[in-house]
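In what follows, a single structure is set out as structure tokens and then discussed.
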Amino acid sequence: MTYNEYFKWLKKQGVEIVDGGGRHHKKGIFNGKSIPLPYHGAKEIGNGLVRRINKDLGL
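Residue numbers for the sequence shown follow the working numbering, so the first one is 4 and each next one is one higher.
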């Protein structure tokens, strides 16, 4: 899964994604929780990182 595909999935789950400062960083906001998200477009995102982001956001 690429970062683009994963971010589309996050948006479908109701996560608000805003610029977090810098070219490769965004911020994910869900149910009052805000976490930094790395963003590298068409590059593959690791399964461990996906699990950690989902856990941190409570998905």
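Beta carbons are placed, not taken as given, at the ideal position from N, Cα and C, and that holds for glycine.
Only a predicted model underlies this, so the values are computations on that prediction, with no experimental measurement involved.
In the DSSP assignment, what are the bridge partners of Ile38?
According to DSSP, which records beta bridges pairwise, Ile38 is partnered with Gly31.
DSSP on Ile48, reduced to helix/strand/coil?
Looking at Ile48 - three-state DSSP - the assignment turns out to be coil, as it is neither helix nor strand.
Name the residue from Gly25, Arg26, Lys11 whose alpha carbon lies nearest to the alpha carbon of Glu19.
Shortest Cα-Cα distance from Glu19 to any of Gly25, Arg26, Lys11 involves Lys11.
Reference Pro41; option with closest CA among Gly35, Phe33, Arg54, Gly23:
Ranked by Cα distance from Pro41, the options Gly35, Phe33, Arg54, Gly23 are led by Gly23.
According to the Cβ coordinates, are Leu60 and Gly25 closer than 8 Å?
Result no, Cβ atoms of Leu60 and Gly25 do not sit closer than 8 Å.
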